[in-house]
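Read the structure below first, then the notes.
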Ligand code: GUN
Ligand code: FE
């Protein structure tokens, strides 16, 4: 069997720092060894502990870097890659003016493949090893994304976008045809290699009762597929939604009525949720993708992470970049903006909490924590090597890596505030190098 190992300073989480003492949730091995066999983690411990057992192993050493489980992006639109930074509008106008015309270009399969390929390389460059991705209404836009992810051996979740009203004709699908296309896509891709499928009604506004009914039928037919949508992002969106679905008491109920809220449901944003909606999300085991760069960019509002985490049974939360409304593919930049969003509400977000959300927190939100999110033995070996001194300014800030958790908290905080793709020195997928900044590149 193929055995190799990585030696360096490792940071991951064994539990949720929102629930227990941070010092007990963090696992930090200042000099650790990660042993990989056939793309999975075979052993993980202090170098000293494992050195004799794995004496003549092929070891790659990273010193002065921080090695983390790969980042998980819990909400991102691959067709919007090229329209990032489209200025001057809030959600509904932004969709009509920029987004829908851009997504229409994906009727061309070769165009879709070119962007899918760029998008996945950009994820890897940013240290994102898994993502929950929106596509377009065109089934081939799902095929090309999965084909490209398969070539890169990535664990990726995606699905065809369902839209049946309130968008230009060229971007609407027929509910019944889309239902059949989804069945075919699920059979073709769900659990194929590392790929998983998500039923993806865009949001309540573009959905008819028929579309949501058939989405619910699909979910009942394939219970372990995901449901992925937007929820309560923008005040005008919420107003329009309640006009379209007057029989429902709130936004979440639109999805609940059709059987679309479960422990495999991920909703982006959740900015303007009531206490009742938070509680129902929690009871269902559903998750929210917190998308701070997008929420600031579109002026949507401030997500209350404090509320999501302080209720009796906290809601699962992870980070979404939400590109193209989001302004960066970097989970580090996303964490930096999350910190500011929490500050504006008088709360606090520690570096450990932020790194937890981007790794094990998101893996749990996806019910994939048996496979991803930490260095536990048996998990898939997707991990990243972060350079704490990637830029002159980061080097001047002089982050130190000692055995002390306090030093680590401070260094990790500087990394998330100042870091971006330049700090991602290497990205490994299933133990293989998938991206690397060579010394001559910087
Ligand atoms: N709500 C419905 N569609 C979208 C989208 O493409 N981006 C964002 N941010 N919100 C949405
Ligand atoms: Fe989005």
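In our numbering, the protein residues as written are 3 to 444.
Virtual Cβ for every residue (Gly too), placed ideally from N, Cα, C.
Relative to the ligand FE, the beta carbon of residue 392 is positioned no closer than 6 Å to any heavy atom.
In chain order, the residues with a C-beta atom nearer than 6 Å to some heavy atom of the ligand GUN are 79, 93, 97, 101, 204, 205, 232, 235, 296, 324, 327. Cβ contact annotation for residue 141 (same chain, cutoff 8 Å, sequence separation greater than five): 162, 183, 186, 187, in chain order. For residue 229, there is no enclosing alpha helix (DSSP H); the residue is found in the beta strand (DSSP E) stretching over 228-233. Residue 77 is not bridged by DSSP to any residue. The alpha-carbon separation between residue 159 and residue 361 amounts to approximately 16 Å.
Remark: the shortest separation between the CB of residue 200 and any heavy atom of the ligand FE does not fall under 6 Å. Taking the CA atoms as reference points, residue 67 sits about 20 Å from residue 336. Apart from sequence neighbours up to five positions away, the residues of its chain that approach residue 222 with a beta-carbon distance below 7 Å are 261, ordered along the chain. A distance below 7 Å separates the beta carbons of residue 201 and residue 217. Here the C-alpha atom of residue 295 lies approximately 8 Å from the C-alpha atom of residue 324.
In the structure shown, residue 305 adopts coil according to DSSP, grouped into three states. Between the C-alpha atoms of residue 402 and residue 129 there is a straight-line separation of about 21 Å. Check the Cα spacing between residue 257 and each of 203, 190, 439, 318: the tightest is with 203.
The bridge partners DSSP lists for residue 67 are 389. Secondary structure at residue 133: strand, using DSSP grouped into helix, strand and coil. The distance from the Cβ of residue 308 to that of residue 349 is about 5 Å, consistent with a contact at the 8 Å cut-off.
Of the candidates 62, 395, 442, 395 places its Cα closest to the Cα of residue 420. Here residue 227 is buried, its C-beta having at least 16 other C-beta atoms within 10 Å. Residue 17 places its beta carbon less than 7 Å from that of residue 27. Boundaries of the alpha helix (DSSP H) around residue 256: 253-259. With a threshold of 6 Å, the Cβ atom of residue 23 does not count as near the ligand FE, since no heavy atom of the ligand is closer than that.
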